[in-house]
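As structure tokens, the structure follows; a few thoughts come after it.
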Amino acid sequence: MPLHVRPVVSGSELRKGRVERPRSGLDRLSLTDVGEWVIEGAMSHGLTFRVKSANPPFPWVLEVSNGADVVMEVRGHLLGPSTFRSIFVIRIMQAAGGKDLLRSLMGTIDRDPLSSPYWDMETWSVLESRLGLTRDELERRNGEVGKSVRSRS
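To convert, note that position 67 of the sequence shown is 66 in numbering that gives the first Met the number 0; the numbers rise steadily by one, no gaps.
Structure representation (structure tokens):
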């Protein structure tokens, strides 16, 4: 899922479970629209989040849990010279309700998950190489997940 610009937050405060503005240039973590989407959604569903790793300002790994089980993991990959050319791999844990969280969050993002005006063929090439999948395979898998999430199975 390519990302778009969102406010920068404090990496140290985010690790404590708080979304606050950075206090210094070294504490800046790019939350991005995807991260904002996951954190706000988790909090609105009574879930908690934990930053597993971060290299400010990007990339980072975020884990969402319901207290007992991990529901979703969001892992960022930097594919180019800026965060405009990044992607997040979202892994959901069905047994823990990750599918329900993803279903409720999918309607809040205002674009197709694999569409970005900032991406070019070079960005796709890096992504294909990094993940070991072709663009067609990525689009097919993303479509299958989308269908699965939209269904009530």
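Ideal Cβ positions, reconstructed from N, Cα and C, are used throughout, including at glycine.
| GLY79: which of VAL73, SER52 and THR122 sits nearest, CA to CA? | THR122
| request: Could you please give the first and the last residue of the uninterrupted alpha helix (DSSP H) stretch that includes THR122? | output: 120-130
| In chain order, what residues of the same chain have a beta carbon less than 6 Å from the beta carbon of PHE87, not counting five sequence neighbours either side? | MET0, VAL33, VAL73 and GLY75
| query | In three-state DSSP terms, what is SER29? | reply | strand
| said: Taking DSSP's pairing of strands, which residues face SER64 in a bridge? | reply: THR47 and VAL69
| Whole-angstrom C-beta distance between LEU25 and VAL8, which should lie under 8 Å | Not a contact, Cβ separation roughly 13 Å.
| task | Verify whether the separation of the beta carbon atoms of MET92 and ASP68 is less than 8 Å. | result | yes
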